[in-house]
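Take a look at the structure set out below.
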Amino acid sequence: MNPWEEINLSDYENHMKLESVYQLQTLNKMMWGQLNDYDVSSVLILGVAGGNGLNHVDRDRINVIYGVDINEDYLKICKERYPVLEDLFVPIRADITNEFCELPKADIVIADLFVEYVGCEIFASTIRKIKPKYVSVIIQVNEDDGFVSDSPYMTELKKLEKVHFCIDEKEISLSMKKIDYNLSYRTEENLPNGKKLIRLDYCFNLKD
Numbered sequence: 169m170n171p172w173e174e175i176n177l178s179d180y181e182n183h184m185k186l187e188s189v190y191q192l193q194t195l196n197k198m199m200w201g202q203l204n205d206y207d208v209s210s211v212l213i214l215g216v217a218g219g220n221g222l223n224h225v226d227r228d229r230i231n232v233i234y235g236v237d238i239n240e241d242y243l244k245i246c247k248e249r250y251p252v253l254e255d256l257f258v259p260i261r262a263d264i265t266n267e268f269c270e271l272p273k274a275d276i277v278i279a280d281l282f283v284e285y286v287g288c289e290i291f292a293s294t295i296r297k298i299k300p301k302y303v304s305v306i307i308q309v310n311e312d313d314g315f316v317s318d319s320p321y322m323t324e325l326k327k328l329e330k331v332h333f334c335i336d337e338k339e340i341s342l343s344m345k346k347i348d349y350n351l352s353y354r355t356e357e358n359l360p361n362g363k364k365l366i367r368l369d370y371c372f373n374l375k376d
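See below:
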């Protein structure tokens, strides 16, 4: 079983929103741009978890949001949290590490703190199947030791170490370039714990 299927969503979110971590709040702010910077009508979010950031969805522009996660309980909670998106939000339980996994097409794929748990190769393979025009990812860069910050939830979240990949932006950009997606935008946000979140956007066939 993938350890993400064992992690309680409240433990994960309570860790992420600690003042010493501040990732839930920072991701929410960064997702405004991911959802609104491009003229798209269909969105696919890999690792949607509890739906952080879905409060930024523009119903006048977006027709469908596919929320993909390996944890079925996360998807149920996500749907319950956003009744206003009931006619737009389509929950999909899927494990993209399964080579037979098939996902719907979408104009943009958003993957925040997700590539670290599947690796660049599997992520790029998934993007190649979906064929979006845009891809927007957020990765965590650690300036200190350890990918999980100290917190009361650390023991529970340490379970994720077995599926965690150390990813840097050069590696992910190289993987994306191999499938004809070139970097089109980059920004970063510092966190209070010696870490930072980096947003990397890619556009299909954007020439250097």
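Each residue of the sequence shown is one higher than the one before, counting from 169 in the numbering used here. Cβ atoms here follow ideal geometry from the backbone N, Cα and C, with glycine treated the same way.
From the listed residues Glu174, Met169, Phe333, Ser188, the smallest Cα separation to Pro320 is found for Ser188. Secondary-structure assignment with DSSP links Asn310 through a beta bridge to Lys363. CA-to-CA, the gap between Ser343 and Cys288 works out to about 6 angstroms. Separation of Val258 and Ser209 (C-alpha to C-alpha, rounded to the nearest whole angstrom) is 14 angstroms. In the DSSP assignment, Pro259 is bridged to Gly235. Beyond the five residues adjoining it in sequence on each side, Ile233 comes within less than 6 angstroms, by CB distance, of Val211, Leu256, Phe257 in the same chain, given in chain order. Excluding five sequence positions before and after Asp226, the CB atoms of its chain that fall closer than 8 angstroms to its own CB belong to Leu203, Asn204, given in chain order.
Between Leu186 and Asp280, the C-beta spacing is not below 8 angstroms.
The beta carbons of Ala262 and Leu253 sit about 19 angstroms from each other, so the pair does not count as a contact at 8 angstroms. DSSP places Arg354 outside any alpha helix (DSSP H); the residue lies instead in the beta strand (DSSP E), whose first and last residues are 349-358.
For Asp275, the closest C-alpha among the options Val216, Asn170, Arg229, Asn239 is that of Arg229. Note that the C-beta distance between Lys327 and Glu174 is below 8 angstroms. Tyr302 sits in a strand when the DSSP states are folded into three classes.
In the DSSP assignment, Leu214 falls within the unbroken beta strand (DSSP E) covering 210-214. Taking the C-beta atoms as reference points, Ser304 is found no nearer than 8 angstroms to Ile335. Rounded to the nearest whole angstrom, the C-alpha separation of Asn176 and Ile213 is 20 angstroms. Per the DSSP secondary-structure output, Tyr370 pairs in a beta bridge with Val303, Leu351.
Residue pairing by DSSP places Asp280 opposite Ile306 in a beta bridge.
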